[in-house]
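Asks:
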Amino acid sequence: MSAPNRNALWAGALVDELARSGVRHVVVSPGSRSTPLVLAAAADARLTRWVQLDERSAGFFALGLGRATGRPAAVITTSGTAAANLLPAVVEASRSGVPLLVLTADRPHRLRDSDANQTIDQVRLYGSFTRAFHDVAPPTVEARALRYVRTLACRA
Numbered sequence: 047m048s049a050p051n052r053n054a055l056w057a058g059a060l061v062d063e064l065a066r067s068g069v070r071h072v073v074v075s076p077g078s079r080s081t082p083l084v085l086a087a088a089a090d091a092r093l094t095r096w097v098q099l100d101e102r103s104a105g106f107f108a109l110g111l112g113r114a115t116g117r118p119a120a121v122i123t124t125s126g127t128a129a130a131n132l133l134p135a136v137v138e139a140s141r142s143g144v145p146l147l148v149l150t151a152d153r154p155h156r157l158r159d160s161d162a163n164q165t166i167d168q169v170r171l172y173g174s175f176t177r178a179f180h181d182v183a184p185p186t187v188e189a190r191a192l193r194y195v196r197t198l199a200c201r202a
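Residue 47 is where the sequence shown starts when you use the numbering used here, and the numbers rise one by one after that.
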């Protein structure tokens, strides 16, 4: 199975499990690396999708959805500064106790610490303002790996 298909498989499993767990709103700030997540969210009829081109706006829009519904809204962005632009909303969600799920794509693991375009340290990006953080390994097609992704989504 090719890499794009593995990415689509994992994104589909993650989004399906989030929807099964009660997520109903997904805010998308599109970018190339987050495409599998965006397509998975677009294909799931249980989710209402919102598009915000500016990541800061996307973060606060998702925060508002979480505040209004009392349920976590998910926000999807690509890597690098796109993910960094969510920090103010993450801090606000943390301080006000509003549920917020942040799904950021990242460059391949081999490009970490390489100064390649759009590579920043996303592992420590949100610091102590998250209740949980998962640095998900590159996707494979093994059943055990898919269970792992679904388990992460359930815990979110």
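Glycine residues also receive a C-beta, built at the ideal position from the N, C-alpha and C atoms. Here the structure is a predicted model, which is why all the values come from computation and not from measurement.
Within 10 Å of its beta-carbon, does serine 75 have 16 or more other beta-carbons around it, so buried, or fewer, so exposed?
Replies: buried
Asks: How far does the beta strand (DSSP E) with threonine 197 in it extend, from its first residue to its last?
Replies: First-last for threonine 197: 189 to 201, but that is the alpha helix (DSSP H), not the beta strand (DSSP E).
Asks: To which residues of the same chain is alanine 135 closer than 6 Å at the C-beta, ignoring the five residues directly before and after it?
Replies: Gly105, Phe106, Leu109
Asks: Specify whether the segment 90 to 97 and the segment 58 to 75 touch according to this definition: at least 3 beta carbon pairs, one from each stretch, less than 8 Å apart.
Replies: A contact is defined here as three or more CB-CB pairs under 8 Å, and the segment 90 to 97 meets this definition with respect to the segment 58 to 75.
Asks: Rounding to the nearest angstrom, what Cα-Cα distance links leucine 132 and threonine 94 in this structure?
Replies: 20 Å
Asks: Anyone know if the C-beta pair for threonine 123 and threonine 150 falls short of 8 Å?
Replies: yes
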